[in-house]
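Asks: My questions all concern the structure below.
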């Protein structure tokens with residue numbers, strides 16, 4: 002886990018762990034974009050504008066993307082909570 006010892010959810014960017022903090026930030030942005038794409042895909046499926054083949058392809062693509070995210074989180078030693086950074090007065094990102 003890359004958070005500092007107080008578990009505040011804030012990204013720790015001291016000089017010794019800047020690389021870890023950057024990896025956490027990049028993974029957080031990617032996860033946020035993945036969730037946006039997933040929600041948009043669900044709206045399209047529910048809207049009935051896709052063929053069965055397109056729905057199948059979309060489902061496979063989303064499953065593959067989620068699997069890749071899990072692999073990357075493991076590589077960087079992150080879990081889902083690490084990607085839910087604290088934005089101060091705005092609350093948590095996700």
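Residue numbers (this note's numbering): 2 to 95.
Cβ atoms here follow ideal geometry from the backbone N, Cα and C, with glycine treated the same way.
Note that the coordinates shown come from a computational prediction; the quantities given were computed from them, not determined experimentally.
Which same chain residues end up closer than 8 Å to residue 6 when comparing Cβ atoms and leaving out the 5 residues on each side of it in sequence?
Replies: Any reading at residue 6 must be qualified, since the residue scores a pLDDT of 41, below 50, and its modelled position is unreliable; the value itself is stated next. Correct list: empty, nothing qualifies.
Asks: Does residue 85 come out as helix, strand or coil in the three-state DSSP assignment?
Replies: Three-state DSSP puts residue 85 in coil, outside helix and strand.
Asks: Can you tell me where the alpha helix (DSSP H) holding residue 29 begins and where it ends?
Replies: 19-48
Asks: Among 90, 92, 79, 89, whose alpha-carbon lies nearest the alpha-carbon of residue 29?
Replies: 79
Asks: The alpha helix (DSSP H) that contains residue 64, what's its start and end?
Replies: 53-76
Asks: Taking Cβ positions, are residue 46 and residue 61 nearer each other than 8 Å?
Replies: It is not a contact, given that the beta carbons lie outside the stated cut-off.
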